[in-house]
Structures are given as structure tokens and as C-alpha cells.
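Just below is one structure, and these are the notes that go with it.
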Amino acid sequence: MDFRRWHLHCTHNICVVQRGGVMEHLVEAYGPMLLFLLIFLESAGAPVPGETALIAASLLASRGQLRIGSIIVVAATAAIVGDSAGYWIGRWGGRRLLRRWPLLASYADRFLPRAERFFARHGGKTVFLARFITGLRVAGAWIAGATRMNWWRFLCWNAAGGLTWAAGTGFLVYYLGRAASDILGHHYGVILGAVGIAATLGGFHLLFRMRVRVVAD
């Protein structure tokens with residue numbers, strides 16, 4: 107996913123959050139606790155709207171109702187801890203779960219050896235990139251565990267992806283929310299917006315270089 111597509115993805119989610127308002131009201135009512143829970147569950151493998159919760163919280167922060175720094179810390183922590191839980195779930199029970207049903211068992215016998223070879227070569231980059239892709243964000247850690255990816259290697263790339271995703275998404279949405287409210291004249295908002303853009307561009311420059319290396323390999 108390149109920067110333009112990811113930016114459009116975030117903008118679309120902002121519009122959905124603003125139109126529906128349900129997630130925004132929930133995050134406003136329950137605060138960082140709900141944000142942590144949803145991102146943790148999504149990262150661990152449950153199909154829940156973790157990124158939508160981050161966007162809602164960042165919009166609330168842009169209006170002064172929450173603190174953007176706290177939002178990013180909570181989101182990054184939940185992403186890293188949730189992915190770690192998903193990794194161990196996949197490592198301890200992923201293969202048994204896949205082989206429990208005949209239809210999945212035949213698929214697992216073909217899929218797992220290829221997945222193991224792929225993760226041996228590109229596992230770290232895949233874990234990092236998965237954080238920015240909706241489907242892989244849910245299943246990436248689980249697959250990494252099921253394929254027996256080295257734990258410490260997984261943890262390093264998981265932490266890098268979680269921090270970049272939380273800071274990039276949080277600051278980008280915060281900046282857009284401030285711009286939409288016409289309050290960018292405040293120097294504090296400009297500084298945070300600049301930091302958000304720098305963090306996002308830096309993260310995606312790293313993503314681009316990794317993707318080029320994957321293609322080259």
C-alpha cells in the first residue's frame with residue numbers, strides 16, 4: 107500500500123467516523139481503555155475496528171477532548187502487545203486448529219511449508235507491512251506464529267510497525283481534524299501537524315525501500 111492509497115484509506119475512514127459517529131461516541135465515553143481493547147483484539151486476530159477506534163480518538167484529540175500523545179502511546183502499546191498475543195496463539199495452537207478440520211488440513215499441508223519459506227526470507231518486512239493492510243493486520247501475527255518465525259525477530263519488526271502505524275495514523279488524522287476545524291493558526295497545532303507529516307513520510311519512505319528490496323529478492 108503506497109502513501110497515496112494509505113492517505114485515501116485514512117481519509118475515507120475519517121468520513122465514515124464523522125458520518126456515523128458511533129465509534130467516536132464510544133471512544134469519547136470510554137476513552138483510552140476502549141481504544142486499547144479494540145486495537146489489542148484486532149492485532150491478536152479478532153475482526154474488530156481497531157484502526158477506526160484510533161481514527162475516532164485522534165479526531166477527538168484534534169478538538170481538544172483527548173491528548174494526541176496519550177492516544178499514540180496507547181495505540182502503539184496495544185498494537186505491539188496484541189500482535190505478540192496473536193503470534194503466540196498462532197505458534198501454540200495455529201497448526202492444530204488448521205488441521206482439526208479436513209478441508210483446512212489439506213490446505214494447511216500445502217500452505218504452511220510455503221509460508222515458512224516465505225517468512226524465513228521476508229518475515230520481518232511482512233510483519234511491518236501487515237500493520238498497514240487491513241486483512242493482514244488481523245492475521246499477520248497469527249501466521250507468523252504458525253510458521254514458527256523467530257520470536258525476537260518478530261518482536262523487533264512488530265514494535266517498529268506498531269510505532270510507525272500509531273504515530274503516522276494518529277498524527278495524520280489529528281492534523282486533518284485540526285485543518286477541518288480551521289484552527290491551524292495556533293502554533294501548537296502547526297508543530298504537531300509538522301511532526302505528524304514527518305513521522306508519516308519517514309515511515310513510508312522506509313516502507314518503500316523495504317518493498318523495493320522484496321521485489322528485488
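Heads up: the sequence shown begins at 107 in our numbering, then just goes up one per residue. Virtual Cβ for every residue (Gly too), placed ideally from N, Cα, C. Here the structure is a predicted model, which means the values were calculated and not measured.
Taking 9 Å as the cut-off, the Cβ atoms of tryptophan 248 and isoleucine 195 count as close. Valine 233 places its beta carbon 9 Å or farther from that of phenylalanine 277. The C-beta distance from isoleucine 145 to glycine 137 rounds to 13 Å, too long to meet the 8 Å contact threshold. Per DSSP, glycine 241 is one residue of the alpha helix (DSSP H) stretching across 240-252.
For proline 138, the enclosing alpha helix (DSSP H) covers residues 128-150.
Apart from the 5 residues on each side of it in sequence, alanine 167 sits with its Cβ closer than 7 Å to the Cβ of Arg173, Ile174, Ile177, Tyr280 in its chain, given in chain order. Residues Leu141, Ile145, Ile177, Ala181, Ala272, Thr275, Gly276, Val279 of the same chain have their beta carbon placed closer than 8 Å to that of leucine 160, with the five preceding and five following residues left out of the count. The C-alpha of alanine 266 lies about 10 Å from the C-alpha of arginine 237.
C-alpha of leucine 282 to C-alpha of alanine 305: approximately 15 Å in a straight line. Here alanine 163 has Val133, Leu141, Leu172, Ile177 as same chain residues with Cβ atoms under 7 Å from its own Cβ, once five neighbours each way along the sequence are excluded.
Looking from the CA of leucine 147, the closest CA among Arg202, His228, Ala184 belongs to Ala184. Rounded to the nearest whole angstrom, the CA to CA distance from arginine 254 to glycine 246 is 13 Å. CA-to-CA, the gap between isoleucine 303 and threonine 158 works out to about 20 Å.
Sequence-distant partners of alanine 252 (beyond 5 residues in either direction) whose C-beta falls short of 8 Å from its own C-beta, in its chain, are Gly196, Arg197, Gly200, Arg201, Leu204, Leu218, Ala221. Arginine 223 carries a helical assignment under DSSP once its states are collapsed to helix, strand and coil. For leucine 172, the secondary structure class from DSSP, reduced to helix, strand or coil, is coil.
Straight-line spacing of the CA atoms in leucine 242 and glycine 170 works out to 32 Å.
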